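In this text, residue positions in the sequence shown follow the working numbering: the first is 3, and each later residue adds one. In this text, a Cβ means the ideal position worked out from N, Cα and C, and glycines have one as well. Remember, predicted model here, so these are calculated numbers, not experimental data. Here the structure is laid out as structure tokens; the discussion comes afterwards.
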Amino acid sequence: IDAHPQLSETAPVALSYELFPPRSPAAAETLWTTIRELETTEPDYVSVTYGASGSNRDTALELINRLLVETTLRPLAHLTCVGNTPQELAAIIGDLLDIGVRGILALRGDLPQDGAPPAAGSLRYAQDLIDLIRRVEQRRSALLCAGKIAVGVAAYPTRHPESPSEDHDVEVLLAKQRSGADFAITQVFFEASQYEDLLTRARRAGVTIPIIPGVMPFTSLRRLKRLGELAGVEPAPRLMDRLAAADNDIERLHIGVDATVDLANAALDAGAPGLHLYTFNEHQSALEVLDKLALPRHNRSSHARAAVARTQLAS
Ligand code: FAD
Numbered sequence: 003i004d005a006h007p008q009l010s011e012t013a014p015v016a017l018s019y020e021l022f023p024p025r026s027p028a029a030a031e032t033l034w035t036t037i038r039e040l041e042t043t044e045p046d047y048v049s050v051t052y053g054a055s056g057s058n059r060d061t062a063l064e065l066i067n068r069l070l071v072e073t074t075l076r077p078l079a080h081l082t083c084v085g086n087t088p089q090e091l092a093a094i095i096g097d098l099l100d101i102g103v104r105g106i107l108a109l110r111g112d113l114p115q116d117g118a119p120p121a122a123g124s125l126r127y128a129q130d131l132i133d134l135i136r137r138v139e140q141r142r143s144a145l146l147c148a149g150k151i152a153v154g155v156a157a158y159p160t161r162h163p164e165s166p167s168e169d170h171d172v173e174v175l176l177a178k179q180r181s182g183a184d185f186a187i188t189q190v191f192f193e194a195s196q197y198e199d200l201l202t203r204a205r206r207a208g209v210t211i212p213i214i215p216g217v218m219p220f221t222s223l224r225r226l227k228r229l230g231e232l233a234g235v236e237p238a239p240r241l242m243d244r245l246a247a248a249d250n251d252i253e254r255l256h257i258g259v260d261a262t263v264d265l266a267n268a269a270l271d272a273g274a275p276g277l278h279l280y281t282f283n284e285h286q287s288a289l290e291v292l293d294k295l296a297l298p299r300h301n302r303s304s305h306a307r308a309a310v311a312r313t314q315l316a317s
């Protein structure tokens, strides 16, 4: 996984997608249609989410394995540490390496919603997980002779709900960089200025790793509403009003895609080295966004256009 795409002016913008493991055979079938469509756009990697405490460990590993065996895509495996002991996590990291994973997004995971403290002996912060990944990597150095594991981490354009301040978030990001993070992907945000401020604060504090904006296609009102509950990120009221006022799904799709493209372009103008699209396992919105973005990437938009055309023909 190339986490340093901003090395030259002409370097391509890194493109990646987030997927989650399917929860049923029907969802798996839809997901695989999405995967095949996204594959045509030649992303740099696709990330696969992982439930807090490893709730979907088996389905995550199965999806990652299939991506490696059946597609040309490179998976970035999310891994959460809350609720697991270092021994359990070391075994999972070993399993990931054994099937060929070379990129891990090291996360703490959300705390249990009932307010119960994490299990005794579990790792406390994402930083602890990075340390563990680097230790496992050292033990496996013979296996990893072709290169080290790329470790990504989360970054927050708006304050993490448990954090005292945005400056504290940047200190945490710096700590994660010092522990060996290679790049960061941001939480969803709604204003480009929030991403730009994060870049400015992070650079001033000494963070040098690429900070890739995580962009969610703003095409589903329901999803946007849930975002506030799940991630503590409140959607922009004006966008919500416009989506709610749309007459039908097609109009809503256009409004959402245009707003997403504007945000992504503004983030790129602010110096974003890539784009990470939260797909929610659907390709249509992601491909529409991609189609409207003029990414400096060879053939990228023609691939996307072909894929969008196929989707439209099928529907
Ligand atoms: P940390 O960096 O450990 O931070 C957690 C809290 O502890 C923060 O408030 C921070 O300020 C504080 N903190 C951290 N280190 C220190 C320190 N050294 N000293 C003092 N305070 C500290 N969740 C999932 O369950 N599965 C996923 O697959 C998943 N994928 C995600 C992908 C992305 C790109 C993002 C942005 C988030 C994702 N999340 C996922 C959500 C994430 O798990 C939550 O946001 C979680 O609450 C924090 O995770 P973190 O890795 O940022 O934790």
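In the three-state reduction of the DSSP assignment, E139 falls in the helix class.
Residue range 168–181 is occupied by the alpha helix (DSSP H) that includes V172, with no beta strand (DSSP E) assigned at that position. Linking D293 to H285 through their CA atoms gives a straight-line distance of about 12 angstroms. Straight through space, the alpha carbons of T82 and L279 are spaced by roughly 20 angstroms. Proximity to A246 across F220, A269, V235 peaks at F220, based on C-alpha coordinates. Boundaries of the beta strand (DSSP E) around L81: 77–82. Per DSSP, the continuous alpha helix (DSSP H) segment holding S287 begins and ends at 286–294.
The residue among K227, L297, R126, N86 with its C-alpha nearest the C-alpha of F192 is K227. Checking the 6 angstroms criterion, the Cβ of V209 is out of range of every heavy atom belonging to the ligand FAD.
Secondary structure note for Y197: its alpha helix (DSSP H) is the uninterrupted segment 194–207. Using a cutoff of 6 angstroms, the CB of R110 counts as near the ligand FAD, since one of the ligand's heavy atoms is closer than that.
Note: L109 is bridge-paired with T82 in the DSSP secondary-structure output. Taking C-beta atoms as the reference points, V217 and A266 count as a pair closer than 7 angstroms.
For L279, the three-state secondary structure derived from DSSP is strand. The nearest non-hydrogen atom of the ligand FAD is 6 angstroms or more from the C-beta of S26. Between the ligand FAD and the CB of V174, the shortest heavy atom gap is smaller than 6 angstroms. Per the coordinates, the alpha-carbon of L270 lies some 18 angstroms from the alpha-carbon of V209. Under the DSSP assignment, I151 falls outside any beta strand (DSSP E); it carries neither an H nor an E label. In this structure, D171 places its C-beta atom within 7 angstroms of the C-beta atom of Y158.
DSSP places S124 outside both helix and strand once states are collapsed to three, so it counts as coil. The alpha-carbon of S124 is positioned some 18 angstroms away from that of L107. The alpha carbon of S143 has as its nearest neighbour, out of D100, R203, I66, Y47, the alpha carbon of D100. Annotation: P23 to L40 spans about 16 angstroms, alpha carbon to alpha carbon. A direct Cα-to-Cα measurement between E31 and P215 gives close to 29 angstroms.
Under DSSP, the beta-bridge partners assigned to I213 are A186. Rounded to the nearest whole angstrom, the CA to CA distance from P119 to L232 is 18 angstroms. Linking D249 to Y47 through their CA atoms gives a straight-line distance of about 36 angstroms. Taking the Cβ of Q179 as the reference point, every heavy atom of the ligand FAD lies at 6 angstroms or farther away. Distance from the CA atom of R59 to the CA atom of G96, rounded to whole angstroms, is 13 angstroms. The DSSP-derived three-state label of A157 is strand.
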